[in-house]
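Take a look at the structure set out below.
Numbering (my numbering), first residue to last: 3 to 240.
Below, the structure is given as structure tokens:
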């Protein structure tokens, strides 16, 4: 599915959507999730830190929250953050500079399916809430695998669907009915906040996504459920 259902490709529409909502993205992201997204990112950083990486690739870096958290908490790590949206990157650059991390974080516009990154050159690749927006999911996963050194690791944080049917019903009522109203009112782009939860519903379930990671070239793939299944942390090794 696409955010606006125009004649543009999904990739073009996703870039336009994030450019549109960039000024209010952080405010809405933390408010609408009641800041639980911060907890999930801390858990991702803990997973990444165990690899003691020197070079990290953060795809769909957005406004840079995960890239910043990794640079702050992982000694000696340098992060390359890549995103389609210049609007999101502009905000990320301001945050990186304000924290004095511009020597450890490089931000660049890029396409997840055609990364300008050398083969087998990074220790860890991460994506937070971005793989479901890839134009071609499998091509994006193969690109992540290509960039990783042998023994490297991919760590992906993505929304999922709670397995408990009662909790899932409550969560979906919030996601489909409440979130678009608030998000649309604040960002002035209701279609974006209708697309974002709907894209979760179309994303592969954990077992299927793990199979797609394996097909992309990863092994020892596993998922860690977060907050009753609202999100998953996926880990794969190269």
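Virtual Cβ for every residue (Gly too), placed ideally from N, Cα, C.
Asked                                                                                                 : Found
Per-residue burial, residue 41 [other beta carbons within 10 Å of its own, 16 or more giving buried]  : exposed
Residue interval of the beta strand (DSSP E) (run including residue 96)                               : Here residue 96 belongs to no beta strand (DSSP E); instead the alpha helix (DSSP H) covers 88-100.
Candidates 10, 21, 14, of which the one nearest residue 190 by Cα                                     : 21
Beta-carbon proximity of residue 44 to residue 80, cut-off 8 Å                                        : no
Identity of the residue in 54, 114, 53 nearest residue 83 by Cα                                       : 114
Cβ pair residue 129, residue 158 closer than 8 Å                                                      : yes
Whole-angstrom distance between residue 111 and residue 195, CA atom to CA atom                       : 23 Å
Member of 31, 52, 133 whose CA lies at the smallest distance from the CA of residue 241               : Absent from the model: residue 241. The displayed extent of the chain is 3 to 240, so no value can be given.
Unbroken beta strand (DSSP E) run spanning residue 156, endpoints                                     : 150-161
Contacting residues, own chain, Cβ-Cβ under 6 Å from residue 49 (five flanking each side not counted) : 157
Pairwise C-alpha distance: residue 126 and residue 77                                                 : 14 Å
Touch test, the stretch 17-37 against the stretch 64-71, Cβ-Cβ under 8 Å, three pairs minimum         : yes
Reduced DSSP secondary structure (H/G/I, E/B, other) of residue 216                                   : helix
Where the alpha helix (DSSP H) through residue 239 begins and ends                                    : Segment 233-239 is the beta strand (DSSP E) holding residue 239; no alpha helix (DSSP H) there.
Selected residue, minimal CA-CA separation from residue 75, among 91, 87, 53, 85                      : 53
Nearest candidate by alpha-carbon position, reference residue 101, set 73, 228, 204                   : 73
Residue 9 to residue 16 span [Cα, whole Å]                                                            : 13 Å
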